[in-house]
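**Q** Numbering (the working numbering), first residue to last: 144 to 262.
Where is the CB? At the ideal position from N, CA and C, for every residue including glycine.
It should be emphasised that the depicted structure is a prediction, and the values quoted were computed from it without experimental measurement.
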Amino acid sequence: MTTLDSVNASSAGSWPGAVRYPDLAWKMDPVLELWVDVETMPVAIRLAGVLDDLTATSVVQVVQELLDEGYRDFIMQVDDLEPLRSGGSSPLYGIERLVKGVGGTLTWSSALGRGHAPP
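Written out as structure tokens, the structure is:
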């Protein structure tokens with residue numbers, strides 16, 4: 144596991160032209176958080192935040208990599224997703240089609256997330 148620390152004047156190094164912000168902590172405001180646990184069977188994937196067409200591309204890529212590595216059975220925990228803002232279909236449909244298309248199984252958490260019900 145790699146740990147990221149905040150950068151300060153002493154750790155920024157002496158790179159020419161380096162910009163230093165000693166009093167500004169490194170921050171990230173994620174739109175979608177994704178956790179994957181391959182130690183459990185089925186593989187647990189937990190999503191929290193906003194799942195839309197833009198953020199779904201990252202989730203699809205992760206699921207595809209897991210499928211390429213031979214994982215076929217998944218549980219998708221979507222209880223912490225934000226409701227869809229548009230009338231469009233949920234990106235969860237595509238993820239389910241991807242898994243089932245290779246003969247895999249996808250089980251949904253007990254509460255399917257507000258506005259993200261899969262087929």
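#1: On the three-state DSSP scale, how would you describe T198?
#2: Excluding the 5 residues flanking V245 on each side, which residues of the same chain have their C-beta closer than 8 Å to its C-beta?
#3: Which residue's Cα is closest to the Cα of L194: S252, L175, D222?
#4: Taking the alpha carbon of L249 as the point to measure from, which residue in W178, M184, L177 has its own alpha carbon closest?
#5: DSSP three-state label for G246, please.
#6: Between which two residues does the beta strand (DSSP E) carrying V108 extend?
**A** Based on what the coordinates show:
#1: helix
#2: L210, R215
#3: L175
#4: M184
#5: coil
#6: For the chain, the structure presents residues 144 to 262; residue 108 sits outside this window and is missing.
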